Structure formats: C-alpha cells, structure tokens
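Residue numbering for the sequence shown follows our numbering, starting at 4 and increasing by one per position. The beta carbon of each residue, even a glycine, is placed where N, CA and C say it ideally should be. Since we're looking at a predicted model, the values are computed, not measured. Heads up, the thing below is written out as structure tokens.
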Amino acid sequence: APSMFAVRNAGKTIVNRTAGQKIASESLKGRVFEVSLADLNGGDESQAFRKIKLVCEDVQGYDVMTHFSGMDMTRDKLCSLIRKWQTLIEAHVDVRTTDGYYLRLFAIAFTKKQSNQAVKSTCYAQAGQVRNIRKKMFEIMTEEASKCELKELVQKLIATPDSIGLEIEKKCQSIFPLQNVFIRKVKVLKKPKFDLLKFMEVHGESTEDTGAAMDKVAAATTVKALKGAGGRL
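Spelled out as structure tokens, the structure:
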C-alpha cells in the first residue's frame with residue numbers, strides 16, 4: 004500500500020506462474036484490491052466503515068506496488084445514518100488534482116435539530132436551503148481537492164474525523180445545522196501517464212540518484228591544503 008497508510012503490507016494475492024508468453028507480473032498489473040481502512044491504519048475500528056480501493060501499478064520481486072484507486076463506505080454504516088424526520092442532502096463534483104488525477108467526489112449530509120428547537124420532532128430543510136447547502140458542498144469539495152496532489156487529498160479523506168466533512172458542516176451552519184457529513188465515495192475517472200519516479204515517491208522510495216554523502220569538514224580541509232600548495236597537487 005502507498006506510504007500514506009500506517010500498514011504497508013495489506014495482504015496477499017495469488018497469480019499463476021510465468022509460463023511461455025504469459026508473464027505473472029503482467030497479469031497482476033491493473034488488479035484492484037478492496038481493503039478496509041481499519042486494516043490499513045493499524046486496526047482502528049472507528050475507521051472500519053471506509054473501504055479503500057488499491058490498484059496494482061507495478062510488481063517488484065514478490066511485492067505488489069499499489070496506488071489509490073477509489074474509496075467507498077460500507078452499506079451498514081450508510082443505512083445506520085438514514086433516519087426519519089430529517090432531510091438527506093447529497094452532492095457530487097468532478098475535480099482535477101494538481102498532479103493530473105481526475106476524480107469524482109460524492110458527499111452526503113443530514114439536517115439536525117436546532118439548539119433552541121423543543122416541541123417539533125422534525126428538522127426538514129426547505130428546498131432553497133438544500134440548494135444553498137449543495138452549492139456550498141460543491142465549492143468546498145472543489146477547493147479542497149483542486150489545490151493539492153492525490154497523496155495529500157487521500158490523507159484528508161482518511162483523517163479522523165473527516166476534515167472535508169467538518170469544513171462543510173462548519174460553513175453550512177449559518178444556512179441549516181448539519182450532522183453526519185461525510186465524503187461518501189471517491190472515484191478515479193482519469194489517471195495521468197504512469198511515471199515510475201513519481202509512483203516511487205508515493206511509496207516513500209525515491210529512485211533518483213542523489214550521490215554519495217559528503218563529509219563537509221574533510222572537503223574544507225582538502226581545499227585549504229590545496230591552497231597552501233600554490234595550486235599544485
């Protein structure tokens with residue numbers, strides 16, 4: 004798994020051995036794995052409702068190198084949020100990250116009772132308020148996603164609590180109080196051309212040759228010695 008997750012070794016997958024023209028690593032590339040975020044973040048049960056999709060981009064030895072391919076929410080969590088006497092508001096928007104990934108983000112929110120509300124059991128929002136909240140959702144999701152790379156966006160999405168959801172809740176407070184605001188789903192619509200250097204950076208392993216480490220003190224002493232020798236070696 005990429006370096007933004009705590010547990011890098013997410014599991015095992017089986018593949019037929021290389022035979023003739025059919026190479027094992029080629030049949031692994033493009034394979035999508037669905038893993039619970041709780042397993043990827045060291046067994047944190049509070050994140051078990053998020054499902055992360057990882058796609059195989061490269062194979063190195065016995066290691067399958069994956070990249071983020073999407074996110075979803077478990078059905079039981081979604082069903083537990085939907086109740087009577089409140090308004091459900093959904094919004095989805097297409098955004099492009101700074102590193103060229105084209106994503107579709109789906110958000111979900113529910114209205115809640117106002118603090119001074121006593122007798123009435125319902126907390127329905129008017130159609131105009133729903134439109135304004137949805138508009139605010141579009142703005143926040145576009146702003147949060149289009150100003151960063153995919154790696155940073157994934158860190159925002161897997162944060163506890165959901166940072167984008169909290170931002171939506173805070174900004175929409177003046178229109179109508181909200182609760183249970185989540186980024187419900189993320190789809191990767193288009194990916195940029197595969198670049199191994201950038202991909203290895205996501206895994207925290209740069210393949211760039213930075214040269215040998217240099218001892219600055221030894222180098223300064225050598226320069227001084229050369230100066231004293233009148234420039235002769």
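- With distances taken between CB atoms, is the gap from residue 3 to residue 112 smaller than 8 Å? Since the first residue shown for the chain is 4 and the last is 236, residue 3 is missing from the structure and cannot be characterised.
- Using the Cα positions of residue 28 and residue 68, report the straight-line distance between them to the nearest angstrom. Along the sequence shown, one-based indexing puts residue 28 at 25. Along the sequence shown, one-based indexing puts residue 68 at 65. Linking residue 28 to residue 68 through their CA atoms gives a straight-line distance of about 11 Å.
- Are there three or more Cβ pairs, one per stretch, closer than 8 Å when the region 174 to 182 is compared with the region 133 to 149? In this structure the region 174 to 182 touches the region 133 to 149; the number of beta carbon pairs closer than 8 Å is three or more.
- Query: Quick one: is residue 146 buried, meaning 16 or more other Cβ sit within 10 Å of its Cβ, or exposed?
  - Reply: Taking the first residue of the sequence shown as 1, we reach residue 146 at position 143. Burial call: exposed.
- Residue from 190, 203 and 196 with nearest C-alpha to residue 74: Against the sequence shown, residue 74 aligns to sequence position 71. When each option's Cα is compared against that of residue 74, the closest is 190.
- Message: Tell me the rounded alpha-carbon separation between residue 209 and residue 198.
- Response: In the sequence shown, counting from the first residue as 1, residue 209 sits at position 206. In the sequence shown, counting from the first residue as 1, residue 198 sits at position 195. Reliability fails at residue 209, whose pLDDT of 49 lies under 50, so the model's placement of it is uncertain and no value is given.
- Specify whether the region 104 to 118 and the region 74 to 92 touch according to this definition: at least 3 beta carbon pairs, one from each stretch, less than 8 Å apart. Yes, since at least three Cβ pairs between the region 104 to 118 and the region 74 to 92 fall closer than 8 Å, the two stretches touch.
- Message: Looking only at its chain, what residues have a beta carbon closer than 7 Å to the beta carbon of residue 41, apart from the 5 residues adjacent to it on each side?
- Response: Against the sequence shown, residue 41 aligns to sequence position 38. Non-local C-beta neighbours of residue 41 in its own chain, meaning closer than 7 Å and more than five positions away in sequence, comprise 47, 48, 50 and 51, ordered along the chain.
- Message: If I measure Cβ to Cβ from residue 32 and keep anything under 8 Å in the same chain, skipping five residues before and after, which residues do I get?
- Response: Taking the first residue of the sequence shown as position 1, residue 32 is located at position 29. Result list for residue 32: 59, 60, 61 and 62, in chain order.
- Hey, how far is the Cα of residue 160 from the Cα of residue 23? For the purposes of this step, residue 160 is taken as residue 157 along the sequence shown, with counting starting at 1. For the purposes of this step, residue 23 is taken as residue 20 along the sequence shown, with counting starting at 1. Going from the Cα of residue 160 to the Cα of residue 23 covers about 43 Å.
- Report, in whole angstroms, the separation of the C-beta atoms of residue 143 and residue 186, which I expect to be a contact under 8 Å. As a working mapping, residue 143 is identified with position 140 in the sequence shown. As a working mapping, residue 186 is identified with position 183 in the sequence shown. The distance from the Cβ of residue 143 to that of residue 186 is about 10 Å, inconsistent with a contact at the 8 Å cut-off.
- Item | Ordered list of beta strand (DSSP E) runs contained in the region 66 to 102, each at least 3 residues | Segments of the beta strand (DSSP E) lying fully in the region 66 to 102: 66 to 76 and 91 to 99.
- Own chain partners of residue 56 with C-beta closer than 6 Å, once the 5 adjacent residues on each side are dropped: Within the sequence shown, numbered from 1, the residue matching residue 56 stands at position 53. So the qualifying residues of the chain are 35, 37, 72 and 73.
- Query: Got a sec, what are the start and stop residues for the beta strand (DSSP E) residue 186 sits in?
  - Reply: Translated into positions along the sequence shown, residue 186 becomes position 183. Here the beta strand (DSSP E) through residue 186 covers 181 to 193.
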